[in-house]
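> In the working numbering, the protein residues as written are 107 to 480.
#1: Quick one: what does DSSP say residue 383 is sitting in, helix, strand or coil?
#2: May I ask you to verify whether the stretch 344-351 touches the stretch 262-269, counting CB pairs closer than 8 angstroms and requiring at least 3?
#3: Flag this pair as yes or no: are the beta carbons of residue 456 and residue 393 separated by less than 7 angstroms?
#4: Starting from the C-beta of residue 277, find all residues in its chain whose C-beta is less than 7 angstroms away, skip the five residues before and the five after it, and write them out in chain order.
#5: Hey, how far is the Cα of residue 335 from the Cα of residue 212?
#6: With contact counted as at least three CB pairs below 8 angstroms, one residue from each stretch, are the stretch 363-383 and the stretch 277-292 in contact?
#7: For a quick check, are the C-beta atoms of residue 330 and residue 291 less than 7 angstroms apart?
#8: Mind checking which residues open and close the beta strand (DSSP E) that includes residue 433?
#9: Would you mind sorting residue 221 into buried or exposed? The rule is 16 or more other CB atoms within 10 Å of its CB.
#10: Could you pull the start and end residues of the beta strand (DSSP E) that residue 497 belongs to?
#11: Quick one, which of 383, 424 and 431 has its alpha-carbon nearest residue 404's?
#12: How big is the Cα-Cα spacing for residue 192 and residue 438?
#13: For the stretch 434-449 against the stretch 291-311, do three or more pairs of beta-carbon atoms, one drawn from each stretch, fall closer than 8 angstroms, so that the two count as touching?
#14: Taking residue 297 as the reference, which of 326, 309, 360 and 346 has the closest Cα?
#15: Please report how far the alpha carbon of residue 378 lies from the alpha carbon of residue 417, in whole angstroms.
#16: Taking residue 337 as the reference, give the member of 202, 309, 225 and 201 with the closest Cα.
#17: Please report whether the beta-carbon of residue 254 lies at a distance below 7 angstroms from any beta-carbon of chain B.
#18: What is the DSSP secondary structure of residue 304, counted as helix, strand or coil?
#19: Whose CA, out of 459, 401, 427 and 293, lies closest to the CA of residue 410?
#20: Start and end of the alpha helix (DSSP H) containing residue 428?
#21: Ignore the nearest five residues each way along the sequence and tell me which others in residue 391's own chain have a CB closer than 7 angstroms to its CB.
#22: Given this structure, state the Cα-to-Cα distance separating residue 280 from residue 448, to the nearest angstrom.
#23: Is the distance from the Cβ of residue 218 to the Cβ of residue 258 below 7 angstroms?
#24: Name the two residues that bound the continuous alpha helix (DSSP H) containing residue 256.
#25: At which residues does the alpha helix (DSSP H) containing residue 227 begin and terminate?
#26: Taking the CB atoms as reference points, tell me whether residue 454 and residue 200 lie closer together than 7 angstroms.
#27: If you count every other CB in all the chains shown that lies within 10 Å of the CB of residue 249, and 16 or more means buried, which is it?
#28: Under the three-state reduction of DSSP, which class applies to residue 277: helix, strand or coil?
#29: Does DSSP put residue 192 in a helix, in a strand, or in coil?
#30: Quick one: measure Cβ to Cβ for residue 274 and residue 247, integer angstroms, because I've assumed they're closer than 8 angstroms.
#31: Is residue 197 closer than 7 angstroms to residue 424 when the C-beta atoms are compared?
#32: Tell me where the alpha helix (DSSP H) around residue 293 begins and ends.
#33: Can you have a look at residue 209 and say buried or exposed, based on whether 16 or more other CB atoms are within 10 angstroms of its CB?
#34: Confirm, please, whether the CB-CB distance from residue 216 to residue 333 is below 7 angstroms.
#35: Across which residues does DSSP place residue 457 in a beta bridge pair?
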């Protein structure tokens, strides 16, 4: 049963106690009260005791110092931003040096190919093959091609006939095999002229050719520089073959080593791009000390820059990143094939050490100026 409450109305009811609300004067703490005299902020008491004029002067000085420090901080931020931008610009400039050295080898190959394609041994062998005569004794031709490989530090030196089959090669005996890398031989036979370009050679082709390479280079597709020169019979003006010179970019290639030697520091790498994958061909990480043993086969820690470069239509891209134990401004640029498709990437890393020293000096300068102005 529910409990019932009953009150007799005849009994007097005590009135509720009155709630007294504090007034504003009750809440105000006056200077002569104990809250101040007791030292709510005892460290500021000497300031409270100063005359008003001295307090005003101190306020003006504090305001000026705060403004100077704020301007100095802004100056440092601007310096840091500009410094990092300049570092990336420098990395792109140094990447241009690497690209120039990369192309210089192509130019050297093309110059040699132009001379050797008119050599009597090459012309005679290609002309005889084009006339459906029996293949000439190829030992002399092979020796000639092997000399080109040795003198130019190449991997490929191949004489190809009009039917796009091998007449002679500097490496394995591949006579009679079809050889038309990236469709380049057919292109030159259809429109005779010299072609300098880049390509990717699949691992199976490297194994068939069997050039002198580091053993670990045969397990993956490779970036190759090609110089292809038409062989022309001087008596008939007929194109009777194509001389193909090729240089495989591998971990023993001089391209990265030479670029680091000329720039004295930093990081360099070359990648092949095959079926959407980026395969490290060669890399060295020298860091900031030119007398330090370089790190070999050091990959780019952020492969996104490789894809970024591949979509930049041959223009360089750059960003900051950590490589090994140092930070770099890293620039990358795609290597294009005959059809202007990205089939590789060159990478240059410029150390931030010099930038950090500059920023430290700039920071000290800004703070020194701020202290003087204050």
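Note that CB positions come from ideal geometry on N, CA and C, so glycine has one too.
Checking against the coordinates, here is how it stands:
#1: strand
#2: The stretch 344-351, when compared against the stretch 262-269, does touch it at the 8 angstroms Cβ threshold.
#3: Not a contact, by the Cβ cut-off of 7 angstroms.
#4: 315, 316 and 317
#5: 12 angstroms
#6: no
#7: no
#8: 432-442
#9: exposed
#10: Only positions 107 to 480 of the chain appear in this structure, which leaves residue 497 out of reach.
#11: 431
#12: 16 angstroms
#13: yes
#14: Each of 326, 309, 360 and 346 was checked against the Cα of residue 297, and the nearest Cα belongs to 346.
#15: 15 angstroms
#16: Ranked by Cα distance from residue 337, the first of 202, 309, 225 and 201 is 225.
#17: This model lacks chain B altogether; it includes just one protein chain.
#18: Note: residue 304 maps to strand in three-state DSSP.
#19: Closest option to residue 410, judged by alpha-carbon separation, among 459, 401, 427 and 293: 427.
#20: In this chain, residue 428 is not harboured by any alpha helix (DSSP H); it is covered by the beta strand (DSSP E) spanning 423-429.
#21: 373, 400, 401, 404, 429 and 430
#22: 30 angstroms
#23: yes
#24: 245-258
#25: 226-236
#26: yes
#27: exposed
#28: coil
#29: helix
#30: 4 angstroms
#31: yes
#32: 290-296
#33: exposed
#34: yes
#35: 434
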